[in-house]
Each structure stands twice: as C-alpha cells, then as structure tokens.
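Working notes, beginning with the structure itself.
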Amino acid sequence: LLLTIAQTATIEVTCSMPNRPDVDDGHESIIDVLATAVDSTGAIMKESTIADREDEVDVVLADGTGAASDGADRNAMHSATQTYEIEAPMLTVVKSSKVIEDPFNGTTQPKRIPGAIVEYTITIANTSDSPASGVTIADELTAVTNGEVKFVAGSIVNAAGTAEDYDTTTPNTVTATGITVPAGSVATPSEVVVTFQVEIL
Numbered sequence: 001l002l003l004t005i006a007q008t009a010t011i012e013v014t015c016s017m018p019n020r021p022d023v024d025d026g027h028e029s030i031i032d033v034l035a036t037a038v039d040s041t042g043a044i045m046k047e048s049t050i051a052d053r054e055d056e057v058d059v060v061l062a063d064g065t066g067a068a069s070d071g072a073d074r075n076a077m078h079s080a081t082q083t084y085e086i087e088a089p090m091l092t093v094v095k096s097s098k099v100i101e102d103p104f105n106g107t108t109q110p111k112r113i114p115g116a117i118v119e120y121t122i123t124i125a126n127t128s129d130s131p132a133s134g135v136t137i138a139d140e141l142t143a144v145t146n147g148e149v150k151f152v153a154g155s156i157v158n159a160a161g162t163a164e165d166y167d168t169t170t171p172n173t174v175t176a177t178g179i180t181v182p183a184g185s186v187a188t189p190s191e192v193v194v195t196f197q198v199e200i201l
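Numbering of the sequence shown is given in full-length UniProt numbering, commencing with residue 1 and proceeding in unit increments.
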C-alpha cells in the first residue's frame with residue numbers, strides 16, 4: 001500500500017486460527033504492522049547528513065521507535081503490534097459406573113447381575129478459563145449393552161443436582177441438554193456431573 005502526502009488508510013488485519021493440536025485455549029499470536037517512508041523512487045528515506053544550508057531542502061525524520069521490527073528512532077519506519085488470544089473451552093468427558101443394589105445382596109457389596117441397579121456418572125470438566133455453553137451429553141446405552149438394560153425412570157440428576165423426570169420414549173436412551181460450564185467465574189477449573197441409573201435385565 002503506497003500513500004501520497006496527506007493520505008490516510010485504514011488497514012484491517014484478519015487472522016485464521018491454525019488447526020493444530022498445540023493451538024488451544026490461551027494460545028497467543030502477534031500481528032506486526034510496519035510503515036516505511038519512501039522517496040519518489042521507492043527507496044527508504046534518509047535524513048540529510050550535511051550541515052544546514054538555506055538553499056537546500058533538508059530531510060529530518062521524526063519517527064519514534066515502535067515494535068522490535070522497526071529498529072531505532074528516526075529511521076523512516078514505525079511499527080505497531082497487536083496480540084490476539086484464542087479463547088476456547090477445553091472439555092473432557094469421563095464416564096464411570098457403580099452397582100447400587102441387586103436382588104440378592106441388596107446394597108451390601110452388590111453385583112452386576114440381572115435385576116441389579118447400576119448408576120452411571122458422567123463428569124464434564126472444563127479446564128480452560130473460557131465458559132462452555134449449550135453442551136449436550138448423549139449416552140446410547142444399547143451401543144455397549146445390546147439392549148440388556150433399561151433406564152430407571154426419574155433417576156437422572158442434572159448438573160444442578162436436580163432430578164429430572166425423563167421418560168423412555170426412545171428405548172434405553174438418556175439425553176441431558178443445556179449444561180453450562182462457567183469455568184471463568186471460579187478460581188479453579190470447573191466441572192459438572194450428570195448421573196442416571198439402569199436396571200440389568
């Protein structure tokens with residue numbers, strides 16, 4: 001971009017986020033924009049090095065030092081930098097289970113046998129300082145149990161600790177929606193927990 005005397009221009013810089021595993025929440029990149037004063041031939045302007053004379057035009061540069069790329073003061077260059085930071089939730093999901101009771105042992109060392117109640121716990125953790133909203137957790141029980149369990153109606157507890165009255169319109173499928181992880185509002189990383197129970201058939 002070449003500007004003549006008294007001209008101005010607004011330059012908009014857009015950046016694409018690299019799709020790499022190491023570019024995650026908190027990753028920073030620096031944009032450095034450098035302006036250079038040139039003469040009519042396109043060469044970088046230089047200050048007059050001779051003593052002042054009334055019959056000549058002297059060139060005196062008054063630019064200050066900008067960012068590191070522009071060097072020293074009064075060199076016909078000035079630069080400015082801007083840092084942009086990626087803010088993205090970093091979510092992990094862990095699922096675990098435990099037997100609550102069975103028909104023979106009750107709640108004393110219960111086993112995974114027909115008629116037993118198994119409680120699943122899904123823990124969603126956000127390790128970044130950026131909130132995650134609208135997170136949906138779907139767990140298809142038939143994917144690993146071949147349909148040999150059924151959902152215990154009303155057993156799901158959402159992230160707020162409230163029991164939800166889900167039905168089983170879709171057999172053996174439990175879906176929890178609208179989980180928000182406000183990790184940026186607490187001093188330590190945040191997590192939410194969803195639990196539900198099934199009966200082994």
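Glycine included, every Cβ here is placed at the ideal spot set by N, Cα and C.
Keep in mind that this is a model prediction, so the values were computed, not measured.
- In this structure, Leu61 and Met45 form a Cβ contact; the two beta carbons are roughly 7 Å apart against a cut-off of 8 Å.
- The continuous beta strand (DSSP E) containing Ile30 extends over residues Glu28 to Thr36.
- Listed in chain order, the beta strand (DSSP E) runs fully inside the region 41-129 are 77-85, 91-101 and 117-126, counting runs of at least 3 residues.
- DSSP places Thr14 in no beta strand (DSSP E); its state is neither H nor E.
- A direct Cα-to-Cα measurement between Thr14 and Tyr84 gives close to 10 Å.
- Of all alpha-carbon atoms in Pro114, Thr127 and Ser155, the one lying nearest the alpha-carbon of Pro103 is that of Pro114.
- The criterion of a C-beta distance shorter than 7 Å is not satisfied by Lys98 and Ile122.
- DSSP, reduced to helix, strand and coil, places Asp139 within a strand of the structure shown.
- With contacts defined as CB atoms closer than 7 Å, Val157 and Thr195 qualify as a contacting pair.
- Taking a 10 Å sphere around the C-beta of Val93, we find fewer than 16 other C-beta atoms and assign the residue as exposed.
- The beta carbons of Leu201 and Glu140 sit no closer together than 7 Å.
- Counting C-beta atoms within 10 angstroms of its own C-beta, Gln197 has 16 or more neighbours from the protein chains shown and is therefore classed as buried.
- Within the model, the alpha-carbon separation for Asp63 versus Ser16 is close to 31 Å.
- Thr195 sits in a strand when the DSSP states are folded into three classes.
- Residues Ala35, Asp63, Gly64, Gly66 and Asp70 of the same chain have their beta carbon placed closer than 7 Å to that of His78, with the five preceding and five following residues left out of the count.
- Boundaries of the beta strand (DSSP E) harbouring Val149: Val149 to Phe151, taken from the DSSP string.
- In this structure, Ala37 keeps its C-beta atom at 7 Å or more from the C-beta atom of Ala9.
- Shown here for Leu1: same chain residues with a beta carbon closer than 8 Å to its own, the five before and five after excluded, namely Ala9 and Ile11 in chain order.
- Residue Glu199 holds the alpha-carbon nearest to the alpha-carbon of Lys150 among Val118, Gly134, Tyr120 and Glu199.
- Closest by C-alpha distance to Thr81, out of Val135, Glu28 and Pro21, is Glu28.
- For Asp73, the closest alpha carbon among the candidates Glu119, Gly42, Tyr120 and Glu47 is that of Glu47.
- In summary, Val118 is buried, with 16 or more beta-carbon neighbours lying within 10 Å of its beta-carbon over all protein chains present.
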